[in-house]
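Asker: Sending over a structure as structure tokens; questions will come in a sec.
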Amino acid sequence: MTAAFKAFVLQSTDPVKTGVEEWSTDQLDGDVLIKVSYSSVNYKDGIVGRTGNISEFTPLIPGIDLAGVVVESNDQQFKEGDEVIVTSYRLGTGHHGGFSEYAKVPAEWVVPKPDGLSLKEAMVLGTAGFTAALSVEQLEKNGLNPKQGPVLVAGASGGVGSLAVNMLANLGYDVAASTGKKNEEDYLKKLGAKEVLDRDDLVDHENKSTRSSKWAGAVDPVGGKTTQYILSTLSYGASVATSGLAGGVDVSTQVFPFIGRGINWLGIDSVRCPMDIRKNIWNRLATDLKPTCLEDEVVIEVKLEELDQVFKDILEGKVRGRTIVKMG
1 MTAAFKAFVL
11 QSTDPVKTGV
21 EEWSTDQLDG
31 DVLIKVSYSS
41 VNYKDGIVGR
51 TGNISEFTPL
61 IPGIDLAGVV
71 VESNDQQFKE
81 GDEVIVTSYR
91 LGTGHHGGFS
101 EYAKVPAEWV
111 VPKPDGLSLK
121 EAMVLGTAGF
131 TAALSVEQLE
141 KNGLNPKQGP
151 VLVAGASGGV
161 GSLAVNMLAN
171 LGYDVAASTG
181 KKNEEDYLKK
191 LGAKEVLDRD
201 DLVDHENKST
211 RSSKWAGAVD
221 PVGGKTTQYI
231 LSTLSYGASV
241 ATSGLAGGVD
251 VSTQVFPFIG
261 RGINWLGIDS
271 VRCPMDIRKN
281 IWNRLATDLK
291 PTCLEDEVVI
301 EVKLEELDQV
311 FKDILEGKVR
321 GRTIVKMG
């Protein structure tokens, strides 16, 4: 089929120019044509839409997440009417993405939406929820359980952090939530945090490799000197799952916490995560890891025309929770 549709387009990178345009489905490439119901906004989207960085070409439709209904498929795995989710891979950076009323993608990127999630809920989760759930699962695989002690979530008022706080609290963990936003204590406690900490108190300014043990585990979507601090304060045998770089890419540490306390530093990658793991995580997001905050104040809904401001806010750290884009 051929259809006209609206899309938010990164038109050029030098200078950066964006706008909402009318496109045709004939301009899209892929195996599966999807009528997009919702997308979501992530830090990575802000980088693409505001700076043009990590975009592989222009014009490009950004948006690393989408959920919608299959219209046409060249692959027998999917048929018209199937509800599906697509996140990560090169979506929105090297392939036209989710900020669009239609998308066309390779079949191997497509996840059937599990029972227990609506299309809207899937995008309230999106890459942030997937990353939070993958972090929790990897921590559990490395021995974390609620009896071991408190778990730290850094960057807790952001997308990954907010959802991780709620997931962990629902599993019975005592969660300490770190944020730089002093007015978010009530919000984080509603999500399930037992304690709210100031972000500045969890930054390693002294380059100390070890401090007093505090955490049975940690979810770290921040990076930089926050990661340094976490590594120096993990309890014996504990792990930190790192998934982000908003706080910087450089981390200075020594071997002492690793060989003296047996700690683990786990890298969390949602982009090239194998499909069997990806499907398992989405199934958990629809069951035992499904947050209880998906229709709460954690969610802001916007239109394509509002994305420029959202990108600005997300890069400046002004966005709380999750922002989703409703199509049509």
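Following the UniProt record's numbering from start to finish, the sequence shown increments by one per residue and tops out at 328. We treat Cβ as the ideally placed atom computed from N, Cα and C, and that holds for glycine. Being a predicted model, the structure only gives us computed values, none of them experimental.
(1) Evaluate the contact criterion for the stretch 64-78 versus the stretch 303-322: three or more CB pairs, one atom per stretch, below 8 angstroms.
(2) Taking Cβ to Cβ, would you say Q138 is nearer than 8 angstroms to L266?
(3) Taking the DSSP output, what are the residues bridged to S40?
(4) Would you call the stretch 101-119 and the stretch 175-188 in contact, with 3 or more CB pairs under 8 angstroms?
(5) From the DSSP output, which residues share a beta bridge with A4?
(6) Can you round the beta-carbon distance between P62 and F130 to whole angstroms, since I take them to be within the 8 angstroms contact cut?
(7) Ends of the beta strand (DSSP E) at N264?
(8) Return helix, strand or coil for I61, following the three-state DSSP convention.
(9) Whose C-alpha, out of G94, V136, V32, is nearest the C-alpha of L285?
(10) Could you say which of P114, Y102, A246 lies nearest to V32 if we only look at CA atoms?
(11) Quick one: what does DSSP say L33 is sitting in, helix, strand or coil?
(12) Can you tell me whether Q228 is buried or exposed, with buried defined as 16 or more other CB within 10 angstroms of its CB?
(13) Alpha carbon to alpha carbon, how far is G158 from R211? Give it in angstroms, no decimals.
(14) If we count Cβ pairs, one from each stretch, closer than 8 angstroms, do we get three or more for the stretch 42-61 versus the stretch 306-316?
(15) Just verifying my parser: in three-state terms, what is the DSSP assignment at G116?
(16) In whole angstroms, what is the alpha-carbon distance linking T25 and K326?
(17) Give the list of continuous beta strand (DSSP E) stretches no shorter than 3 residues that lie fully inside the stretch 146-181.
Answerer: With the structure as the only source:
(1) no
(2) yes
(3) I324
(4) no
(5) S24
(6) No, P62 and F130 are not in contact; Cβ-Cβ is about 18 angstroms, not under 8 angstroms.
(7) 264-267
(8) coil
(9) V136
(10) Y102
(11) strand
(12) buried
(13) 26 angstroms
(14) yes
(15) coil
(16) 19 angstroms
(17) 151-153, 175-179
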